[in-house]
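The next block holds one structure in the form of structure tokens; read it before the comments.
In our numbering, the protein residues as written are 4 to 215.
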């Protein structure tokens, strides 16, 4: 009688694993990206249709007293009559002021510069007594001087803030930014980003007229 030859475990066919049930994805996780996208798209469409200028961001300082900023002048900068252009003295002398935060390294500052020059020459602005002041932010004095020498100087006063500490008091987080300060020393209006015709027409000029 012959003995049966044992079969090794390696030779035995491996059992076929049972197919696993497909995982069911949670409906909320699937729909969440679509909901987020839809919300952002709706917000963008609302802003677009409203005609609101996103650069005119409300500031916590609106209606508050402007910081009493005292900054040294930009060395070498002179007015058309040859007199040195003063810095920012920090006093409140009853004159409405347009404080523009700028820097020579800031490309949008170059874009808005013609607007500032036009404002400085505007008879309505001159009649209002508005004084245009510059706050030179984190800049090298020689480069700031070259910037104004090449493009023209619209400022009656320029203060240099090389460390950027004075700009913190104004709540500045980027350049350019512009603040309208009334004769009573309160901040009346703010523009974040470069000035443009619409911002001047619909924001600055009404605020200036209201201050008078």
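No residue lacks a Cβ here, since even glycine has one placed at the ideal position from N, Cα and C.
Here the structure is a predicted model, which means the values were calculated and not measured.
Which residue wins for smallest C-alpha separation from residue 211, given the options 76, 179 and 98? 98
Given residue 148, which residues of its chain have a CB within under 8 Å of its CB, disregarding the five upstream and five downstream residues? 77, 78, 79 and 80
How big is the Cα-Cα spacing for residue 204 and residue 176? 24 Å
Here's the rule I'm using: 16 or more other beta-carbon atoms within 10 Å means buried, otherwise exposed. How should residue 209 be labelled? Its Cβ having fewer than 16 others within 10 Å, residue 209 is exposed.
Go through its chain and collect everything with a Cβ distance to residue 191's Cβ below 6 Å, but skip five positions before and after it. 183, 185, 210 and 214
Would you call the segment 89-104 in contact with the segment 62-74, where contact means no fewer than 3 C-beta pairs closer than 8 Å? The segment 89-104 is in contact with the segment 62-74.
For residue 129, the first and last residue of its enclosing beta strand (DSSP E): For residue 129, there is no enclosing beta strand (DSSP E); the residue is part of the alpha helix (DSSP H) that begins and ends at 126-131.
Once you ignore the five residues that flank residue 150 on each side, which residues in its own chain have a CB closer than 6 Å to its CB? Cβ-Cβ distances below 6 Å link residue 150 to 107 in the same chain, with the five nearest sequence neighbours on each side left out; the list follows chain order.
Cβ-Cβ distance between residue 120 and residue 157 below 7 Å: yes
Which first and last residues belong to the beta strand (DSSP E) in which residue 162 is found? 160-164
Taking only runs of the beta strand (DSSP E) that begin and end inside the segment 97-157, which ones reach a length of at least 3 residues, in chain order? 100-105 and 134-140
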